[in-house]
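K.L.:
For the sequence shown, position 98 (counting from the first letter as 1) is numbered 79 according to the numbering used here, and the numbering increases by one without interruption. Backbone N, C-alpha and C define an ideal beta-carbon position, used for all residues, glycine too. Sharing a structure, written as structure tokens. Questions coming.
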Amino acid sequence: QVQVVESGGGLVEPGGSMRLSCTASGSQYGITTMAWYRQAPGKLRSMVAEITPVGRTTYPDAVKGRFTVSRDNAKNTVVLQMNDLKPEDTAVYYCNVDESNTGKRFWGQGTQATVSV
């Protein structure tokens, strides 16, 4: 069973920055795509950043140019750097990883990020 643990989050003012980290462990097959999702109250969970093992990234328009995702394959770690944060970025952020060979997806417990004055 793969364990996914996030860290970071908290409270920041509009225009500020925040860094989220996530580590996956326990897989005997390895990790392929790693991604960050977010879910605000009353809204569906949506992807905000995705990165493949070779470093190809995908972002939705809402965060493009402000969010940057990176990963360390040796450590199975993915980092989300969020800059120029806006109140609408307030949400619980979840890390998601895909396991090689099995196709299973695993989620972290989520971390709250709040953007407010």
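Rounded to whole angstroms, how far is the Cβ of Tyr74 from the Cβ of Gly46, which I believe are closer than 8 Å?
P.N.:
Position 93 of the sequence shown holds residue 74. Position 65 of the sequence shown holds residue 46. With 8 Å as the limit, Tyr74 and Gly46 do not qualify as a contact, their Cβ atoms being about 18 Å apart.
K.L.:
Quick check: the Cα distance between Val35 and Ile12, rounded to an integer number of angstroms?
P.N.:
Here residue 35 is taken as the residue at index 54 of the sequence shown, counted from 1. Here residue 12 is taken as the residue at index 31 of the sequence shown, counted from 1. Computed Cα separation, rounded: 12 Å.
K.L.:
Taking Arg19 as part of the beta strand (DSSP E), name the residues at either end of that continuous run.
P.N.:
Translated into positions along the sequence shown, residue 19 becomes position 38. Run containing Arg19: Ile12 to Gln20, per the beta strand (DSSP E) assignment.
K.L.:
Assuming the contact rule is C-beta atoms closer than 8 Å, Ala5 and Val78 should be a hit. Round their C-beta distance to whole Å, please.
P.N.:
In the sequence shown, residue 5 corresponds to position 24, counting from 1. In the sequence shown, residue 78 corresponds to position 97, counting from 1. At roughly 5 Å, the Cβ-Cβ gap stays under 8 Å, so Ala5 and Val78 are in contact.
K.L.:
Taking three-plus beta-carbon pairs below 8 Å as touching, is the segment 18 to 33 in contact with the segment 42 to 57?
P.N.:
They touch, by the three-pair rule.
K.L.:
When DSSP labels each residue in this structure, what does Glu31 get in the three-state scheme?
P.N.:
The sequence position of residue 31 within the sequence shown is 50, counting from 1. Strand, per DSSP.
K.L.:
Between which two residues does the beta strand (DSSP E) harbouring Arg86 extend?
P.N.:
If you number the sequence shown from 1, residue 86 lands on position 105. Arg86 to Trp88 is the span of the beta strand (DSSP E), which, as asked, contains Arg86.
K.L.:
Do Val(-7) and Val96 have their C-beta atoms closer together than 8 Å?
P.N.:
Working through the sequence shown from its first residue, we reach residue -7 at position 12. Working through the sequence shown from its first residue, we reach residue 96 at position 115. Result yes, Cβ atoms of Val(-7) and Val96 sit closer than 8 Å.
K.L.:
Where does Asp70 sit, in a helix, a strand or coil, going by DSSP?
P.N.:
Here residue 70 refers to the residue found at position 89 when the sequence shown is read from its first residue. Residue state, collapsed to three classes: helix.
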